[in-house]
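These notes are about the structure you will find just below.
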Amino acid sequence: MGKFTVSVAHSLRLVSVSDILSFGIIQTRVFIKTVGEPEDLKIVPGSFIPEDAIKDGFYSKKHNFKLPDVSRNKTVYLENLKKGRYLAFYVDENGNERVSGSPDNPLSLSYEIKGGLYSCTLTGLTVDPDAFI
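Each residue of the sequence shown is one higher than the one before, starting from -14 at the first, in the numbering used here.
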């Protein structure tokens, strides 16, 4: 039996809006300068699904993903992340680095525990599609 390569979105990182020094989008490209390190989320492989829906000229973002290892410490970590507003950096299905959200229109995190995993969602409303880095 041969090997098949399946391309999926992956490598999800969150940058807090408070860590952004400068941000700009020119056409489809983003230019950003930040302080500190992004939150590198160790997602379940193949579980990250970035979605956009256009309504009344706005892009409604709903990015779903799963995190493994339900524990007290990770639940506290996610509760703290819920309090912030973020830009999401990820690699799309074609290998392009993308940014979702902006300092003016950030994403927020919600989660629930299902089947021994954290089922997480990043949501937000923006005026632009996800930009390329």
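Glycine is no exception: its CB is placed at the ideal position from the N, C-alpha and C atoms.
Nearest neighbour of ASP4 by Cα position, chosen from PHE33, VAL61, ALA(-6) and PRO88, turns out to be PRO88. For LYS59, the three-state secondary structure derived from DSSP is helix.
The beta carbon of GLY69 sits closer than 6 Å to those of SER1, all from its chain and outside the five residues before and after it, given in chain order.
The DSSP-derived three-state label of SER(-4) is strand.
Beta-bridge pairing by DSSP links GLY109 to LYS46. About 21 Å separates the Cβ atoms of TYR71 and LEU102, ruling out a contact at the 8 Å cut-off. Beyond the five residues adjoining it in sequence on each side, THR13 comes within less than 8 Å, by CB distance, of PRO114, ALA116 and PHE117 in the same chain, given in chain order. By a beta-carbon distance limit of 8 Å, LEU52 contacts VAL29. Their separation comes to about 7 Å. When only Cα atoms are considered, GLY109 and GLY100 end up about 26 Å apart. In chain order, TYR44, SER45 and LYS47 place their CB closer than 8 Å to the CB of ALA38, counting only its own chain and leaving out the 5 sequence neighbours on each side.
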